[in-house]
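Working notes, structure below.
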């Protein structure tokens with residue numbers, strides 16, 4: 001019942017939102033109700049033909065207030081072929097993880113997350129056709145995710161997608177076999 005009311009109220013409020021910041025703040029509020037303490041961000045894939053082959057460039061489009069302190073909006077990071085990039089950018093599937101070991105393997109900046117008691121993540125690809133043009137990222141502090149939380153966060157990502165424009169000259173390709181060979 002609580003989730004139904006939350007979803008209904010969020011959808012009504014998003015219908016009245018006139019800009020991305022307002023909409024994403026509403027989505028962030030719903031995220032806190034669903035997932036509890038933690039941080040939220042959206043990264044846009046800004047990789048172009050000029051970037052090194054086998055590498056993605058991601059730019060932060062939105063960060064919840066707690067995240068923006070360490071990971072400011074418009075900050076850029078590079079990612080190479082890993083199980084994380086394969087899941088999101090090759091297969092177009094959510095990446096769900098919990099626990100220090102798993103988080104450390106997935107994120108090179110996990111030490112910064114650990115300092116904020118972050119110990120779990122749900123990353124949802126925002127897709128345009130078969131192309132992951134952005135990632136919707138929820139980092140939690142309560143360990144394992146419950147199935148209903150993962151589902152609700154995936155639905156929030158769908159609601160957010162409308163407010164996240166793809167990069168104008170986005171062009172990337174992670175050839176599964178080629179990238180795996182480079183990573184070895």
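Numbering (UniProt numbering), first residue to last: 1 to 184. Where is the CB? At the ideal position from N, CA and C, for every residue including glycine. These figures come from a predicted structure and were not determined experimentally.
- Remark: C-beta atoms of residue 35 and residue 26 do not approach each other more closely than 9 Å.
- Excluding the 5 residues flanking it on each side, residue 150 has same chain C-beta neighbours closer than 8 Å at 94, 96 and 122, in chain order.
- Following the DSSP letters along the chain, one finds residue 25 inside the alpha helix (DSSP H) bounded by residues 20-35.
- Residue 115 and residue 109 have their alpha carbons spaced roughly 11 Å apart.
- Residue 52 counts as exposed, since fewer than 16 other C-beta atoms from the protein chains shown sit within 10 angstroms of its C-beta.
- Nearest to residue 76 by alpha-carbon distance, out of 142, 16, 162 and 58, is 58.
- Sequence-distant Cβ neighbours of residue 63 in its own chain, meaning closer than 6 Å and more than five residues away, are 41, 71 and 73.
- Residue 98 holds the alpha-carbon nearest to the alpha-carbon of residue 146 among 161, 166, 124 and 98.
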